[in-house]
Every structure is written in structure tokens, then in C-alpha cells.
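Residue numbers (the working numbering): 662 to 1120. Here a beta-carbon is modelled for each residue, glycine too, at the ideal position from N, C-alpha and C. Note sheet for the following structure.
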Ligand SMILES: [Zn+2]
């Protein structure tokens, strides 16, 4: 297909050259006539092809052909956009400047029929050309396509809620599944065909190290892929250079009083200021915290469904220790109750880091005081712990969790009581999310990644 005036002139010149090369006279060198005929036939075929291309371009340019193009599937859209541009007498350069892009980019897009262009980019182009999708450009079987995309994502292990909120963007119309297709292709490093056929294979190989302890490995796996993708986006948008986090005692001393007053917000800011992004997630299930080492920096995710400020602060402290260990693999935190998991050396070290950071040297002493004041009666602890926390200048939720942790080592499940001692006035997810915007530049991401991230960190 001819896409611009230059190509048109080149094609025309080539056509004329070919036409003049057709041999009409008998060859003097004794080449048999059949060979000459065959060569001529070959040239004529090429000329006919060029004539068709030239005619199409001329017709488009002259407005002879009706512009209403019936695009029956996504594959037809790029050509329709190229035709629309030619027909509206807009040069590639003019289109580029309307989109705030360089001419070469449009040339590349058109030369490859917009291969590599996202759906949202195609929409921008369509808009710049004044092409509306009404009627002519709508796809024939939206409901079916939507169902197929949903089915594939379900099969991969994503929950209905994640699919609708994070991939469809809560949009059930055509725009919704276009979003979902584009986003899923990005996240799962696949293409539309695989997604529509339900044959995405990438996830199969990744399961072993990710799904360590879980009843639903598939679900964890798919969500972990998704979360890691968001983590990558957040890392690219982060405006602060990475420098390693200090050890717990140093950091506790550095932060001082503000750590006691606002443990979560202080730690979230500390991470970001060290170039360690903290991703707040609001989806249920799978893991409740994570630490990835992505190229040049670690990224933390927090998604505990109990949005207590203190619970999140401790979890963040724990992940910060994982960040300090660059050799560590991806860590996905799962059930607190799983003993074998909590007793792995790296996990214990991370808990120790968080305890030292948030409770300081007095942590053990406070547990002893609390147990003493409760006369060794677990039932009494509930009343005692908040007072001991107040005296020790730590938040009650932090001390309650530490006591619960110590009791769990004696096979006593005090977690439900500890949960009730957490302050509930602050939504930890909201706090974590609001800090994020001070340290990211979302324009560093393209539209698709930006939308993925923004929908990913929404409620
Ligand atoms: Zn951990």
C-alpha cells in the first residue's frame, strides 16, 4: 500500500521503468522467445500490482472512494487509518504534529501497519484524523470477544474482581475489552491472538518458585505476575535514585520521634526517599506483601486486607529488610500462621529488622512487663498491652502484634485479640497511596502503562 506522496512518485517511476524494460523485439542474442515471454509476463504482473496501488492512492487522494470503511476486525483498523489520512489530504508530518510526535514515528507506524501501536494509540490517531468508530468501525461481536478475554484471564487465575477493576477498568462496553486486551497483552507478555484463543503459555513456567505455600497456586501466580508488572511501572515512574536502606538501629535513630507518631507514613516516605517504590494494592487474597528486585532497584508491595496503620508499618519494615538483601529472590508474603514459612532464616531476619526498627531495644522488655502485669493470664493481656505500649512510646497495634508473634511461638493464637487492639482511624492503604504521588512522574510511562498503574492503585 502506498502511504505518501514520495512513495507514490517512487512507485510511479518504478512502474515506468519496468514498462520500458518490456522487450518487444526479438532477441538478437538468440534467447528463446518463450524465455522473453516469461520475463515479460513477470514484469507485467508487477506493473499490474503497482497500478492497483497507484490507483488506490489516487482514488483516495481524489476522494473518489467512499471513506466509510467497513472494518470487520482489529486487523483492518490500521489500514483504515492510513486510508483515512490520505483521503483527508493530511501528510504524515501533519498527523505527527497533531499527535505531538515526530514524523518518523508515524512513518514507522504506517510502514508496519501500526505494529506495536497500542489500542489507545490507535484511538488517538483515529481521533486526530476525525475518524469515528460509530457503525463502520465497530467490531461485529463485542459480547463474544469480551467473554473470551474474560474467560482467558479467569483461566490464568485472575479473580473476577481483578479482571473487571484492573483490566477492564470497570468498563463493560467495547472500550472495556479493548483496554483489557491491551493491558493483558502487556502484563502477560503475549498477543491478542493468544488471549482470544486462551492459549497464553508464559505463566506455566513461572509457578515453581513463586507459589511456595498456597492452596491456589494458579491464582497467586497470575496475580503475582500482574503485581510485578505494576511494580515495574512504578519503578520506571520513580523520580528518586536508588540507594540502599540503612540498618534498623541507624534508621530508628535517624527518624526519631516521627517514627513513633506516624510509623507507616514515615516508613513509606523513607522507602521512596531511598528510591524504593512502595506499591499499595487493594485486592483480596493471594499474598499480603511482596518484595521484588527489579533491575536497578527493589520494589515493595503492601496489600494486607486489614488496613491497620501499625500492621502495614510492620509489614513494610519487614519488606525493607528483604530489600536490603539484593541476592534474595522475589518474596511473596503469605499467611502469617504458616509456621514453616515464618521460620525461614530470611523471614525471621526480616521480622527482627521490623521489630528493631519499630519497637527498638525495649521490645522484649515490654513483652515481659505486659506478661507480668497480666499475671501470666493471656485473657488479661488485652487490657494490659495498650497501657504498656503507651508507657513505652510505641503504637498499641505494633506491641499487640509483637506479643501475638511471641505467643504464637508457644502455639497460642492471640492474633484475633491483637487485631482488635489496632487503631482504626487511619486507612493504611490510603496513606501509602497518597505518599506515592510525591515521588512519581507518571508521564514517564506510556498511556497503557499509566492506565494500568492508575487503575491498579485505585480502590
Ligand atoms: Zn518476608
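Judged by DSSP secondary structure, residue 958 falls within the beta strand (DSSP E) whose first and last residues are 958-963. Contact between the stretch 909-920 and the stretch 1003-1022 is present: three or more C-beta pairs spanning the two stretches fall below 8 Å. Remark: C-beta atoms of residue 963 and residue 953 do not approach each other more closely than 8 Å. For the pair of segments examined, the stretch 1078-1088 was found not to touch the stretch 1103-1110: the number of CB pairs separated by less than 8 Å stays below three. Per the DSSP secondary-structure output, residue 899 pairs in a beta bridge with 1101.
In the pairwise beta carbon analysis, the stretch 1045-1061 is classified as not touching the stretch 1091-1105: fewer than three pairs are separated by under 8 Å. The alpha-carbon of residue 743 is positioned some 41 Å away from that of residue 958.
The beta-carbon separation of residue 895 and residue 1101, rounded to 7 Å, stays under the 8 Å limit for a contact. For residue 719, the closest C-alpha among the options 668, 679, 755 and 961 is that of 668. Distance between residue 747 and residue 845, taken at the CA atoms: about 32 Å. Less than 8 Å separates the beta-carbon of residue 789 from that of residue 760. Around the beta carbon of residue 967, fewer than 16 other beta carbons sit within 10 angstroms, so the residue counts as exposed.
Annotated three-state conformation of residue 850 is coil, per DSSP. Uninterrupted alpha helix (DSSP H) stretches at least 4 residues long and entirely within the stretch 993-1073 occur at 1000-1003, 1006-1020, 1024-1034, 1039-1052 and 1057-1069, given in chain order. Note on geometry: alpha-carbon atoms of residue 911 and residue 1074 lie some 33 Å from one another. Fewer than three Cβ pairs drawn from the stretch 700-710 and the stretch 750-764 lie within less than 8 Å of each other, which leaves the two stretches out of contact.
Closest option to residue 1080, judged by alpha-carbon separation, among 723, 1059, 825 and 1022: 1059. Assignment of residue 906 by DSSP, reduced to helix, strand and coil, places it in the coil class.
By the criterion of a C-beta distance shorter than 6 Å, residue 1113 is surrounded in its chain by 844, once the five residues flanking it on both sides are discounted.
With a cut-off of 7 Å, the C-beta of residue 965 is classified as distant from ligand 1, since no heavy atom of the ligand falls inside that distance.
The beta-carbon separation of residue 985 and residue 906, rounded to 5 Å, stays under the 8 Å limit for a contact. Taking a C-beta distance under 8 Å as the contact criterion, residue 842 and residue 810 qualify as a contact pair.
A contact is defined here as three or more CB-CB pairs under 8 Å, and the stretch 1021-1032 fails this definition with respect to the stretch 974-983. When the beta-carbon positions are compared, residue 838 and residue 807 come within less than 8 Å of each other.
Here the C-alpha atom of residue 922 lies approximately 21 Å from the C-alpha atom of residue 1012.
Annotation: the continuous beta strand (DSSP E) that includes residue 954 extends over 950-955. Shortest Cα-Cα distance from residue 1050 to any of 1063, 825, 1040 and 1038 involves 1063. Beta-bridge partners assigned by DSSP to residue 738: none are found. In this structure, the C-beta of residue 745 stays at least 7 Å away from each heavy atom of ligand 1. Collapsing the DSSP output to three states places residue 939 in a strand. Residue 918 sits in a helix when the DSSP states are folded into three classes.
Residue 994 places its beta carbon 8 Å or farther from that of residue 1066.
Judged by DSSP in its simplified three-state form, residue 829 adopts coil rather than helix or strand. Shown here for residue 763: same chain residues with a beta carbon closer than 8 Å to its own, the five before and five after excluded, namely 757 in chain order. Assignment of residue 1119 by DSSP, reduced to helix, strand and coil, places it in the coil class.
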